[in-house]
Amino acid sequence: MATGDFDIERVNAENARVRADTRAMLERVRPERRDEVVDGEWRLRDIVAHLAGAQSGYAEALEHVAAGEPPSIAEYGPPGPPHEWNSRVVARSQGRSWDQLLEDLDAAQTRHEAAVRACGAALGGDERSRFYAQNVVRHESGHLAGIRRWLAGESVARPTAP
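The opening position of the sequence shown corresponds to residue 421 in my numbering, with each subsequent residue numbered one higher.
Following this line, the structure appears as structure tokens:
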């Protein structure tokens with residue numbers, strides 16, 4: 421469904437494509453490597469938790485838009501670097517199995533797709549809401565590129581965007 425110049429189905433398809441790429445990449449990782457550090461102090465499992473948390477946060481913001489409210493992510497806090505939020509998301513994921521983390525990733529995608537659809541025409545003119553709908557591709561692609569470099573044995577530099 422297109423709303424003005426914003427095509428909801430295209431956005432959801434692009435988000436699903438990058439998630440399929442991510443899942444395919446994660447399937448290649450041997451179980452004994454899932455706890456290895458990929459970037460800085462982040463292990464692969466931390467990145468998976470972060471991706472699920474980010475997409476769930478984007479979904480939360482869009483759910484507010486669908487309800488006629490301004491987009492917001494309650495747990496994120498005031499605008500600024502996401503360091504504290506990232507730390508909380510990663511800390512919450514401790515003790516979760518790999519399968520649970522992948523379930524979190526799938527649940528976040530499902531929630532986000534539903535939130536994008538629920539917003540409908542509200543996404544057509546609001547730049548911030550469009551960001552929350554579209555940023556999954558850019559954000560996840562950046563982390564996916566880092567995982568690819570890590571798997572290839574190259575040095576991984578942390579993406580600059582949350």
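Idealized CB from N, CA, C, for every residue including glycine.
When the Cα of residue i is compared with those of the options, which residue comes out closest?
| i | options | result |
| --- | --- | --- |
| Asn555 | Tyr478, Glu461, Glu452, Ala472 | Tyr478 |
| Thr442 | Pro491, Gln514, Leu521 | Leu521 |
| Pro491 | Asp546, Glu452, Arg569, His559 | Asp546 |
| Ser549 | Glu480, Leu471, Glu523 | Glu480 |
| Arg558 | Ala538, Arg516, Leu471, Glu489 | Leu471 |
| Glu461 | Gly473, Glu434, Ile493, Asn506 | Asn506 |
| Asn432 | Val509, Gln529, Ala542 | Gln529 |
| Glu523 | Phe426, Glu429, Arg439, Arg430 | Arg439 |
| Leu464 | Gly473, Arg453, Ala474 | Arg453 |
Just to check my reading of the structure: residue i and residue j have Cβ atoms closer than 8 Å, yes? What is that Cβ distance to the nearest angstrom?
| i | j | result |
| --- | --- | --- |
| Ala535 | Glu456 | That belief does not hold up - the Cβ atoms of Ala535 and Glu456 are roughly 33 Å apart, past 8 Å. |
| Leu396 | Val449 | Missing from the structure shown is residue 396; the chain here goes from 421 to 582 and no further. |
| Met445 | Arg569 | In fact, because the Cβ distance is near 11 Å, the residues do not count as touching under 8 Å. |
| Ala486 | Ala538 | 4 Å |
| Ser378 | Asp466 | Nothing can be reported for residue 378: it is not among the residues displayed for the chain, which extend from 421 to 582. |
Just grab the DSSP bridge partners of residue i for me.
| i | result |
| --- | --- |
| Arg531 | DSSP lists no partner for Arg531. |
| Asn462 | Inspection of the sequence shows that residue 462 is occupied by Trp rather than by Asn. Answer is Asp459, bridged to Trp462. |
For the structure I just gave you, are there three or more beta carbon pairs, one from the stretch 501-512 and one from the stretch 550-567, closer than 8 Å?
Per the Cβ contact rule, the stretch 501-512 is not in contact with the stretch 550-567 (fewer than 3 Cβ pairs under 8 Å).
I'd like the ranges of any beta strand (DSSP E) spanning at least 3 consecutive residues and lying wholly in the stretch 482-558.
Entirely contained in the stretch 482-558, not one beta strand (DSSP E) run reaches 3 residues.
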